[in-house]
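This report refers to the structure that appears directly beneath it.
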Amino acid sequence: MNEHFLTEIEITQFKCFTCFKASGFKRVNLIGGKNNIGKTAFMEACYINVHSVNVDKILTAIINTKYSREFLNIAAKIGSINDQRYLDSIENYLAKSNLKNIEFAVVKKSGIKEYKVSVDNTDYVINANNLSIDANSIYNIMYIDNFGCDNGGLIRLYQAVQKQDQENQLNDYIYEFDNSIEIFKVIGDKPQCKTNGEYRDIVEFGDGLRHYISIICALYACENGYLFIDEIDNGIHYTQLDRLWELILTLSKKINCQVFAVTHSKEMLESFARVAEKLKEPDISYTLLVKNKQQEIKTIAMNYEVLLNSLAQEHEVRGW
């Protein structure tokens, strides 16, 4: 296990989580559970924790979870009144992992509002009137929400592919997804695909292709970092799921990226296990979020062997 990987997290307070623990994370991690149980909030908590190297990065990460669709353009947004309102709406974040011990709280007293932040037990207090953030996200930690990347985000992600001279490899991946597409390029300010000798806007090919290309480009951009993908199966046809997982499992290993992904799909879970078994890739985990009788959120963690055995015995492991 790489030293920079998140392996466990204890969330004392954040959104729907109180006194919550999860562990057993590997290089590629799939998160499941019933609708509205808190899968996205769990990913946000992990994202904030790994991003929190200092006060600026904590506040940037919290706001990024609000603007995840435009995460690459966040620097232009931070510092606005709306951003302060979003910080206020979080109220508290308290989470400790094998990497970081992070606290954030909004405190209002005698008409004065302050943000209290703690990074590995070093405390800071910021008067809301003096809030100023050096808003630069960590380049190799990214969060893709269920809407995927807009054109601006996809273009910026594609730059990582270009810097690593991986355009041909990307085109090979795209051709495997849709063999009618000859080349992917950014022309002007628009991502485009060439088919039948003609370049056409990527929007003409549906959400699935955009999501697929976004994930590939984001993996390259997150070399030695972390990639969080909400609703990974969004827009991807079930016949392409094995191809997607094979790509994620092989490329994340090559570029040393830890991946967390959320799914609602039984087919996606089965594909995840099937491809891991095919590749003999044990560095995976499946975390199922469930509620106990007291309506507290708990986890059922499955490593490679447990997941394969559970599916082979046709045990219900989705939590639906």
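Using this note's numbering, you'd call the opening residue of the sequence shown number 1 and step up by one each time. We put the CB at the ideal spot given by N, CA and C, even for glycine. Since this is a predicted model, take the numbers as computed values, not measurements.
Check                                                                                                                                                                        : Outcome
Are the CB atoms of residue 26 and residue 196 nearer to each other than 9 Å?                                                                                                : no
Since residue 227 and residue 257 should fall inside the 8 Å C-beta cutoff, what is the C-beta to C-beta distance between them, to a whole number of angstroms?              : 6 Å
Expressed to the nearest angstrom, what Euclidean distance is found between the alpha-carbon atoms of residue 135 and residue 279?                                           : 40 Å
Should residue 198 be labelled buried (16 or more other beta-carbon atoms within 10 Å of its own) or exposed?                                                                : exposed
Compute the distance between the beta-carbons of residue 160 and residue 221, then report whether it is under 9 Å.                                                           : yes
Compare the Cα-Cα distances from residue 138 to each of 252, 295 and 48 and report the closest residue.                                                                      : 48
Which full runs of the beta strand (DSSP E) of 3+ residues lie inside the stretch 115-174, going along the chain?                                                            : 122-127 and 141-144
I'd like the ranges of any alpha helix (DSSP H) spanning at least 4 consecutive residues and lying wholly in the stretch 15-53.                                              : 39-51
Assign residue 253 to one of three DSSP states: helix, strand, or coil.                                                                                                      : helix
Three or more C-beta pairs under 8 Å: does that hold for the stretch 144-154 against the stretch 236-244?                                                                    : no
Between which residues of its own chain and residue 255 is the CB-CB distance below 8 Å, once the five residues before and five after are set aside?                         : 219, 220, 222, 223 and 224
Decide yes or no for the touch test of the stretch 116-128 against the stretch 101-108: beta carbon pairs closer than 8 Å, at least 3 of them.                               : yes
What would DSSP say about residue 227, mapped onto helix, strand or coil?                                                                                                    : strand
I'd like the span of the beta strand (DSSP E) that includes residue 110, first residue to last.                                                                              : Note, residue 110: premise wrong, no beta strand (DSSP E); not H, not E.
If residue 32 and residue 285 are in contact, beta carbons under 8 Å, what's the gap, nearest whole angstrom?                                                                : Actually they are not in contact, since the Cβ atoms of residue 32 and residue 285 sit about 11 Å apart, beyond 8 Å.
How about residue 259 and residue 29: are their beta carbons less than 9 Å apart?                                                                                            : yes
How long is the line joining the alpha carbons of residue 142 and residue 53, rounded to whole angstroms?                                                                    : 15 Å
Which whole-angstrom value is the C-beta distance of residue 106 and residue 87, which I expect to be below 8 Å?                                                             : 7 Å
Start and end of the beta strand (DSSP E) containing residue 288?                                                                                                            : 284-291
Within 10 angstroms of the Cβ of residue 211, are there 16 or more other Cβ atoms? Answer buried if so, exposed if not.                                                      : buried
For residue 38, count the other beta carbons within 10 Å of its own beta carbon; 16 or more makes it buried, fewer makes it exposed. Which is it?                            : buried
Are residue 10 and residue 95 touching if we call contact CB-CB under 9 Å?                                                                                                   : yes
May I ask you to report which of helix, strand or coil DSSP gives residue 239?                                                                                               : helix
Taking C-alpha atoms, which residue in 129, 162 and 98 lies nearest to residue 111?                                                                                          : 129
For residue 158, I'd like the list of residues in its chain whose CB is within less than 6 Å of its CB, leaving aside the five on either flank, ordered along the chain.     : 186 and 217
Buried or exposed, going by whether 16 or more other CB atoms sit within 10 Å of the CB of residue 74?                                                                       : Note on residue 74: pLDDT 42, under 50, position unreliable in the model; the coordinate value appears next. The residue is buried, with at least 16 neighbouring Cβ atoms inside 10 Å.
Taking residue 277 and residue 308 to be in contact with their CB atoms under 8 Å, please state how far apart those CB atoms are, rounded to whole angstroms.                : 6 Å
For residue 44, count neighbouring C-beta atoms within 10 Å of its own C-beta (all shown protein chains included) and say buried if the count is 16 or more, exposed if not. : buried
Once DSSP output is grouped into helix, strand and coil, what is the label at residue 96?                                                                                    : strand
Could you pull out every residue in the same chain whose Cβ sits closer than 7 Å to the Cβ of residue 372, ignoring the five residues on either side in sequence?            : Past the boundaries of the shown model lies residue 372; the chain is included only from 1 to 320, so the question cannot be answered.
To the nearest angstrom, report how far apart residue 72 and residue 133 are at their CA atoms.                                                                              : Its pLDDT being 41, under 50, residue 72 is placed unreliably by the model, and the measurement read from it follows with that caveat. Cα to Cα, the separation comes out at about 16 Å.
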